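For the sequence shown, this note's numbering gives the first residue as 25, with consecutive numbering after it.
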Amino acid sequence: MEKQKAKIGVIGTGPRGCGLIQTMMRVEEIEIKAVCDRDSGAFEVIFGAFDSAGLKRPEAYTDYNELLGRQDIEGVVIATHWITHIPLAIAAMKAGKYAGVEVGPAASIEECWQLVRTYEETGVPCMLLENCCYGKYEMMVLNMIKKGLFGEVVHCECGYGHDLREHLLEGYPPPSNRLYNNMHRNGDLYPTHGVGPIAKMLNINRGNRFVSLVSMASKAVGLRDWIKKNREPGHGFANYDFTSGDVVQTLIKCAHGETVLVTRNISLPRPYSRFNVVQGTNAIYMEDKKGIYIDGSIKGEVWEPIDDYYEEYGHPLWKEFESRGVKGGHGGMDHLVLEAFADSIINKTNTPIDVYDMAAWMAISVLSEQSVNMGSSPVAFPDFTNGRWINREDKIDSRYSLDEIICKE
């Protein structure tokens, strides 16, 4: 019997959009019906990929309203410039389409509220496509927490450490999407890769919530230093004073007392890391050590390889994924998050990362800017659930759930 497919349209066919399209072409539960971009230059590349895969070419549009007007499209994947993500998600929901939104920062708190209100008015789900929530080790640690291995979680660390100096300046001029934000904003402009998985571990918006944050930004010299070392003296940004600090750290306080340290570091030399640390009363996990320490270990106070615990604590979704062959970008995370989005559309359920998660995680960028601009003053966190976080009952009964560990065939 042929699998039921979610009929998807894609808005945004730049590098990330094309990458997501390549991944979706290999997701059995997805059929791409249409693509859209203001610049039609990428369409031939996309058509070539479909031809090579023996798949029917999608229809192509330069006006997203035409795509949203199609009755046969059930969901839309949005992979455009950051500041257009939420407005396009709102337009998709108003058109009755599930909105799957690529990661990035919010532009304002007001647009986060508009996103939430649109969902509450239309009832159409919206999902932030935060692939890191489906990372192998993020899901393993989530499973460990749910099984009680960590005891009570006290403190977490996370973030985004990635040397993007050359990438930020690629194609200049004009400034790229990321570079433009670094030119004008000073805060954590890319918080969700780290915060998303940690928020699920801490039951944020489902029995817990973020209540306040404090942010501090370092000086901004990394990009200018790289330009002087690697580009001609007359480069347009050789003497530019970038706004965004090279290292931005944000400390979040939760309703039940947990703290979360979020670090962003993209314009200095360093290896890749999401800085994940989970400290509980019984154990601690550290991503950069690839290790775990469990209280009372017979091996003493030393890190044990986290992989030694995979057989017992590996998430069932990931074990099943490995059994059928890991595929998709970023080590399989892209594939799983898109499967989760398609599963929600097919079964007409809410998404495992919902509109309240999306608003809370994306709002960190704006709140961190406010804190930095006010001398690292504490900033209150909006409660986008309007109090429903205390006792929400709308749990996701799916193997893709990030709130419970659900084993399904």
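Where a beta carbon is used, it is the ideal one built from N, C-alpha and C, also for glycine. None of these values were measured; they are calculated from a predicted model.
Query	Result
Per the DSSP calculation, S392 is bridged to which residue(s)?	None; S392 has no bridge partner.
Within the chosen definition, does the region 216-234 reach the region 179-199 through at least 3 CB pairs nearer than 8 Å?	yes
State yes or no: is the C-beta of I377 within less than 9 Å of the C-beta of C157?	yes
Near P329, which residues of its chain fall below 7 Å by C-beta distance, leaving aside the five closest residues on each side in sequence?	K314, G315
Examine the ligand FMN and report whether any of its heavy atoms sits within less than 8 Å of the Cβ of P111.	For the ligand FMN, the structure offers nothing, since it holds no ligand at all.
Quick one: any contact between the region 274-283 and the region 226-235, if contact means 3 or more CB pairs under 8 Å?	yes
Give every residue of the same chain whose Cβ lies closer than 8 Å to the Cβ of Y333, excluding the five residues on either side of it in the sequence, and list them in chain order.	M164, M168, I316
Which residue from G159, K253, Y264 puts its Cα closest to that of Y204?	Y264
Does the Cβ-Cβ distance between P267 and N201 come in under 9 Å?	Going by the sequence as given, residue 267 is Thr instead of Pro. No.
Mapping DSSP to helix, strand and coil, what is A404?	strand
DSSP has H179 in a bridge; who is on the other side?	T283, Q303
Going by DSSP in three states, R412 sits in which element: helix, strand or coil?	helix
Enumerate in chain order the residues of its own chain whose CB-to-CB distance from S291 is below 6 Å, with the five nearest sequence positions on each side excluded.	R189, G246, L247, D270
By the 10 Å Cβ neighbour count, where 16 or more other Cβ atoms means buried, how is G395 classified, buried or exposed?	Inspection of the sequence shows that residue 395 is occupied by Ser rather than by Gly. Buried is the call here.
For V125, which beta-bridge partners are listed by DSSP?	I102, L152
Taking only three categories from DSSP, how would you classify R288?	strand
Under DSSP, the alpha helix (DSSP H) around C60 begins and ends at which residues?	Element bounds for C60: not the alpha helix (DSSP H) but the beta strand (DSSP E), 54-60.
Helix, strand or coil for K1? Go by DSSP, reduced to three states.	Nothing in the structure corresponds to residue 1, since the chain is present only between 25 and 433.
For the beta strand (DSSP E) containing M240, list its first residue and its last residue.	234-241
Does any C-beta atom of chain B lie closer than 9 Å to the C-beta of M398?	No chain B appears in the structure shown, which is made up of a single protein chain.
Could you give the distance in angstroms between the alpha-carbon of K372 and the alpha-carbon of R423?	15 Å
Return the residue from the list V177, Y214, S239 that minimises the CA-CA distance to P402.	S239
What residue from V125, E55, S64 has the CA that sits closest to D96's CA?	E55
What three-state label does DSSP hand D428 in the structure shown?	Correcting the residue identity first, residue 428 is Glu in this sequence and not Asp. Reduced to three states, the DSSP call for E428 is coil.
Rounded to whole angstroms, what is the Cα-Cα separation between D212 and F365?	26 Å
Between which two residues does the alpha helix (DSSP H) harbouring A165 extend?	In the sequence on display, residue 165 carries Val and not Ala. Note, V165: alpha helix (DSSP H), 160-170.
Report the three-state DSSP secondary structure of P198 (helix, strand or coil).	coil
Excluding the five sequence neighbours on either side, which residues of its own chain have a C-beta within less than 6 Å of the C-beta of N206, listed in chain order?	F266, S268
With DSSP collapsed to three states, give me the class of E433.	Only weak support is given to the placement of E433: the predicted model assigns it a pLDDT of 46, under 50, and the value that follows is read from those uncertain coordinates. In the structure shown, E433 sits in coil (DSSP, three-state: anything other than H, G, I, E or B).
Once you ignore the five residues that flank R62 on each side, which residues in its own chain have a CB closer than 7 Å to its CB?	T86
Just how far apart, CA to CA, sit A116 and V361?	19 Å
Would DSSP call E83 helix, strand or coil?	strand
Quick check on the burial criterion: 16 or more other C-beta atoms within 10 angstroms. Buried or exposed for A123?	buried
Less than 9 Å separating the beta-carbons of G175 and D319?	yes
For V69, does the count of other Cβ atoms within 10 angstroms reach 16, so buried, or fall short, so exposed?	exposed
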